[in-house]
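S.K.: Structure below; questions to follow.
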Amino acid sequence: MPLKLILKPGEKVIINQAVVLNGGEKTELVLQNKASVLRERDIMTEEKADSPAKRIYFAVQMMYVFSDKERHYQGKFNELVSSFIEAVPSSTPILLDVGQKVIEGNFYSAMKDCKKLMRYEEEVLKHVTQ
Numbered sequence: 001m002p003l004k005l006i007l008k009p010g011e012k013v014i015i016n017q018a019v020v021l022n023g024g025e026k027t028e029l030v031l032q033n034k035a036s037v038l039r040e041r042d043i044m045t046e047e048k049a050d051s052p053a054k055r056i057y058f059a060v061q062m063m064y065v066f067s068d069k070e071r072h073y074q075g076k077f078n079e080l081v082s083s084f085i086e087a088v089p090s091s092t093p094i095l096l097d098v099g100q101k102v103i104e105g106n107f108y109s110a111m112k113d114c115k116k117l118m119r120y121e122e123e124v125l126k127h128v129t130q
C-alpha cells in the first residue's frame, strides 16, 4: 500500500537513511514500496536524548533508520531498558510492548510506544520532585 507524505516548505524527512529537504512549496510524495520514513517532528537527535526514556527512543530510532547498525543499537537498547526497569519497575508493561515490537522489527510502532514511555517518565518525575 502506497504511503503519501505531504511536506511543508522547508520540512525534512528521512527516507532510507537519506535526508530529504523540501524546497519552498508544499510537496506531496507517494512512496510505492516499503521504506524507513521518519518525519522531522519524530527525529530525536543524540543531544536531545537527555533522559533515560529519550535514550531508549533514540536507540529504537537508530535501529529503524540504520538497519546495518541494528545489532549495535540493540545492545544499547537492552542495557537502557534493563536500567530503566530497575529504576522504575512500574514501567515494565510499556517496555514489554516496546521490546516486543523491537523483536518483531516493527521499529516505527516501537517508537510510538517510546513516546508513551517518555510521557510516563515525566509523570513519575513530577511525583518524585513534589
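Per the working numbering, the sequence shown runs over residues 1 to 130.
From the three backbone atoms N, C-alpha and C, an ideal C-beta is built for every residue, glycine too.
Confirm, please, whether the CB-CB distance from residue 25 to residue 2 is below 8 Å.
M.R.: Going by C-beta atoms, residue 2 is not nearer than 8 Å to residue 25.
S.K.: For residue 4, list the residues DSSP reports as bridge partners.
M.R.: In the DSSP output, where bridge partners are listed per residue, residue 4 has 30.
S.K.: Considering just the uninterrupted stretch of the alpha helix (DSSP H) at residue 56, what are its terminal residues?
M.R.: 52-65
S.K.: I think residue 120 touches residue 94, with their Cβ atoms under 8 Å apart; what is that distance to the nearest whole Å?
M.R.: 6 Å
S.K.: Out of 92, 100, 128, which has the shortest C-alpha to C-alpha gap to residue 117?
M.R.: Taking only the C-alpha atoms, the option nearest residue 117 is 92.
S.K.: Within the chosen definition, does the segment 75-86 reach the segment 13-31 through at least 3 CB pairs nearer than 8 Å?
M.R.: no
S.K.: How about the segment 57-73 and the segment 36-43: do they share at least three Cβ pairs that are nearer than 8 Å?
M.R.: Segments in contact, yes.
S.K.: Less than 8 Å separating the beta-carbons of residue 30 and residue 54?
M.R.: It is not a contact, given that the beta carbons lie outside the stated cut-off.
S.K.: Got a sec? Which residues, its chain only, sit under 7 Å from residue 73 by beta carbon, not counting five neighbours each side?
M.R.: 59, 62, 63
S.K.: Put residue 94 into one of helix, strand or coil per three-state DSSP.
M.R.: helix
S.K.: In whole angstroms, give me the CA-to-CA distance for residue 70 and residue 129.
M.R.: 36 Å
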